[in-house]
Amino acid sequence: MEIDIRRPDDWHLHLRDGAAMAAVVPFTAARFARAIVMPNLKPPVTTTAQALAYRDRILAALPPGSAFSPLMTLYLTDRTDASEIEVASQSRWVKACKLYPAGATTNSDSGVTDIRRIDDVLARMSEAGLPLLVHGEVTGNVDVFDREHRFIDEVLAPTLQRFPKLRVVFEHITTARAVEFVKGARAGVGATITPQHLLHNRNAIFEGGIRPHYFCLPILKTESDREALLAAATSGDPRFFLGTDSAPHEQRTKENACGCAGMFSAHAGIELYAEAFESVGRLDKLEGFAADFGADFYQLPRNTDRIRLAKRDWSPPANYPYSKDGGALVPMRAGETVRWQMVT
Ligand code: DOR
Ligand code: ZN
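FYI, the numbering for the sequence shown is -9 to 334, going by my numbering.
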């Protein structure tokens, strides 16, 4: 069996920088026309000037002839100046700002300690129509499985009320409660969903032993959460769209006494979604989720070319080369089976 769909976009992607970026960006560029590139570098991308320089480095690392277009984001901190929002919204390539609650995840130490501290920035974003992308988890001594729920109640719902026109993407939602929240939210609220949260529940982290390559943040949740996410993604509701959150980390930093959070999925970034959609007989809804609704949310034109996917088993390698000193990258489903393949 083969299907073809409009070429998709990835609305949530980590590309890193330098040699690591050069190692991973071809996977995304082979599948997606555009991607929203996350700004959690070390140091973070906090200004438009930095974002544009980063974009140039990404373009320079693309395979010859690639038409892939990176879309950039700014990393909000307690010290972000509202004037920076003006610069960003007038630039051609900065499409959003990312809220990392300080300490929530990888390279989030410079994130926002209390969202009320950036009210002036949010007000400018709201006026400018620049979307706020949220890592939707509270921090501190809160159960790791409750952090998304608490974020909805303590941060997201009040923020949407205080800024009734602010456009917000609730990134990588992981729970049935988040699905219900987004469905009931006012206009201007969308959500991305990752392949791992559609395909796996939290048992995957503990299958026969601890499995660091299934550790990401927000952490995988229960089977009923997974089912709710899959129902939302395949429902044709335009508030839900594709964002892989593909997040490469070198093998040694994942297989470690204190392993990093993040799953690398760009090597099968559309194929894994096809597998999830097929599992509920909803391949007909893949194109909307993967190629239409995100572009509509960001008020960008939909892509015009198409890609083909074939129902054919293949096995990602044990790892891919990643860093200059021989470090490797373990992809999602390494040595196991992915059920769809892109036809080039
Ligand atoms: O698992 C994750 N990895 N979650 C995030 O929010 C960040 C990401 C990363 O940058 O590695
Ligand atoms: Zn992310």
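Backbone N, C-alpha and C fix where the C-beta goes; we use that ideal spot for every residue, glycine too. In this text, all values refer to a predicted model and were calculated from it rather than measured experimentally.
Membership of Ala300 in the beta strand (DSSP E) is indicated by the continuous run Arg296 to Trp304. Counting only beta-carbon distances shorter than 6 Å to the non-hydrogen atoms of the ligand ZN, the qualifying residues in chain order are His2, His4, Met28, Asp235 and Ala237.
For the options Lys32, Arg229, His203 and Ala72, the alpha carbon positioned closest to that of Lys173 is the one of Arg229. Three or more beta-carbon pairs drawn from the region 34 to 42 and the region 75 to 90 are found closer than 8 Å, and the two stretches are therefore classed as touching. Under the three-state reduction of DSSP output, Ala92 falls in the coil class, being neither helix nor strand.
At a threshold of 8 Å, Asn30 counts as near the ligand DOR, since its beta carbon sits closer than that to one of the ligand's heavy atoms. Distances from the CA of Ala247 to each of Ala20, Glu144 and Phe205 were compared; the closest alpha carbon is that of Phe205. If only uninterrupted beta strand (DSSP E) runs of at least 3 residues are considered, none is enclosed by the region 196 to 226. Put simply, the backbone Cα of Leu290 is about 14 Å away from that of Arg(-3). Between Val169 and Pro121, the CB-CB gap reaches or exceeds 9 Å. Where Arg272 is concerned, there is no enclosing alpha helix (DSSP H), because DSSP gives it neither an H nor an E. Note: Gly180 is bridge-paired with Val159 in the DSSP secondary-structure output. Collapsing the DSSP output to three states places Ala251 in coil. Within 10 angstroms of the beta-carbon of Asp235 lie 16 or more other beta-carbons, which makes it buried. Between His257 and Tyr310, the C-beta gap is smaller than 9 Å, which places the two residues in contact. Excluding residues up to 5 positions away in sequence, Thr129 lie with their Cβ nearer than 6 Å to the Cβ of Gly93 in the same chain.
Our two residues, Ile195 and Val77, have alpha carbons roughly 42 Å apart in a direct line. Between Gln186 and Leu210, the CB-CB gap stays under 9 Å.
The alpha-carbon of Val179 is positioned some 14 Å away from that of Met115.
The straight-line gap separating the alpha-carbon atoms of His139 and Phe153 is approximately 20 Å. Taking 9 Å as the cut-off, the Cβ atoms of Thr164 and Asp227 do not count as close. At the C-beta level, His4 and Gly252 come within 9 Å of one another. When secondary structure is reduced to three states using DSSP, Ile105 falls in the helix class. In this structure, the alpha-carbon of Ala318 lies about 31 Å from that of Cys87. Bridge partners of Asp71 according to DSSP: none are assigned.
For Pro16, the enclosing alpha helix (DSSP H) begins and ends at Gly8 to Arg21. In the DSSP assignment, Leu188 falls within the alpha helix (DSSP H) that extends over Pro185 to Leu189. Relative to the ligand DOR, Leu207 has its C-beta within less than 8 Å of a heavy atom.
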